[in-house]
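What follows is a short report on a single structure.
2 protein chains.
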Amino acid sequence: MIQVIETEWSQAEEKIAREVFDKAYEREISALIKQVQQQSNQITELEHLWNLHDFLSARRHEIDGKYDYRDSSLVFVFALLLKEGWLHVDELAGLTSDKRAKIVALSRM
Amino acid sequence: MIQVIETEWSQAEEKIAREVFDKAYEREISALIKQVQQQSNQITELEHLWNLHDFLSARRHEIDGKYDYRDSSLVFVFALLLKEGWLHVDELAGLTSDKRAKIVALSRM
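Those sequence lines, one after another, are chains R and P.
Residue 138 in the working numbering sits at position 104 of the first sequence, with consecutive numbering throughout.
Residue 82 in the working numbering sits at position 48 of the second sequence, with consecutive numbering throughout.
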């Protein structure tokens, strides 16, 4: 059975959600920038350049797909970001305990 | 009138052409690697990362299209590489004077 996710967010929750979302994005991109800088400084062979390009293409595609800010998908997005370590559970304080519980439960799947 | 380009290459010319072609490619990619390293080390904003990706995508597309090793297009490829400075005219010594003249003439267009 597919669990139906409550999609009602109060204005206060919306504000928190947006902040958490942006912060996670910033963290993930900052980490990616460091990785790209490291990888690009280690290029010694011509073909490594295209490896770097392939890597960036794949990461961009993945990140574009992941950061989908819609009320209906936000619980899933936060669960994934929690699982991957881009947000901390205490940053979700301020959301209803119901939503937090769902996010945490989904993040462990 | 479209000038018909002679497409007969002796074995000795083929060998020279391949070497010159590979050398030009190596030079262009090496320069691009330096540029990418520089650009990636200067990233200060999140969005610069995607600018770098866009830049790499465009350059790769351009380079893939340019380095077209077929006898029928080689004179044009060499003309372009000469124009852009990725090969030197004296590296073409060993090709028939007719081919060299065509390459040089095309490179000035």
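Using N, Cα and C, we set each Cβ at its ideal position, and we do this for glycine too.
Predicted model only: the values in this text are computed from it and were never measured.
Can you give me the C-alpha to C-alpha distance between residue i and residue j, rounded to a whole angstrom?
i: R:Ala51; j: R:Leu126; result: 8 Å
i: P:Ile63; j: R:Ala58; result: 35 Å
i: R:Val109; j: R:Gln45; result: 16 Å
i: R:Leu114; j: R:Leu140; result: 8 Å
i: R:Val54; j: P:Val54; result: 54 Å
i: R:Ser131; j: R:Ala65; result: 30 Å
i: R:Ser107; j: R:Leu116; result: 14 Å
i: R:Asp56; j: R:Lys49; result: 11 Å
i: R:Glu42; j: R:Lys133; result: 10 Å
i: R:Ala135; j: R:Arg104; result: 19 Å
i: R:Met143; j: R:Ile137; result: 10 Å
i: P:Ile77; j: P:Phe89; result: 13 Å
i: P:Glu60; j: P:Lys100; result: 13 Å
Sorry if obvious, but does the Cβ on residue i come closer than 6 Å to a heavy atom of the ligand NAP?
i: P:Lys100; result: No copy of the ligand NAP occurs in the structure displayed, which carries no ligand at all.
Does DSSP put residue i in a helix, a strand or coil?
i: P:Leu121; result: coil
Are the C-beta atoms of residue i and some chain R residue less than 7 Å apart?
i: P:His87; result: yes
i: P:Gln72; result: no
i: P:Ile63; result: yes
i: P:Ile97; result: no
i: P:Leu129; result: no
i: P:Leu121; result: no
Between residue i and residue j, how many whole angstroms is the CB-CB distance? I'm expecting something under 8 Å.
i: R:Ser91; j: P:His87; result: 7 Å
i: P:Val111; j: P:Asp102; result: 6 Å
i: R:His79; j: R:Leu129; result: It is worth fixing the name first, because residue 79 of chain R is Glu in this sequence and not His. The pair is not a contact, with the Cβ atoms about 48 Å apart (cut-off 8 Å).
Between residue i and chain P, is the shortest Cβ-Cβ distance under 7 Å, so that the two count as touching?
i: R:Leu115; result: no
i: R:Arg94; result: yes
i: R:Leu90; result: yes
i: R:Leu80; result: yes
i: R:Ile77; result: yes
Open item on the list: Is it the case that the region 89-97 of chain P contacts the region 115-122 of chain P, given that we only count it when at least three CB pairs across the two stretches are under 8 Å?
Closed with: Taking 8 Å as the limit for Cβ pairs, the verdict is that the region 89-97 of chain P does not touch the region 115-122 of chain P.
TODO: Could you tell me whether the region 63-72 of chain R touches the region 79-89 of chain P, where touching means 3 or more Cβ pairs closer than 8 Å?
DONE: yes
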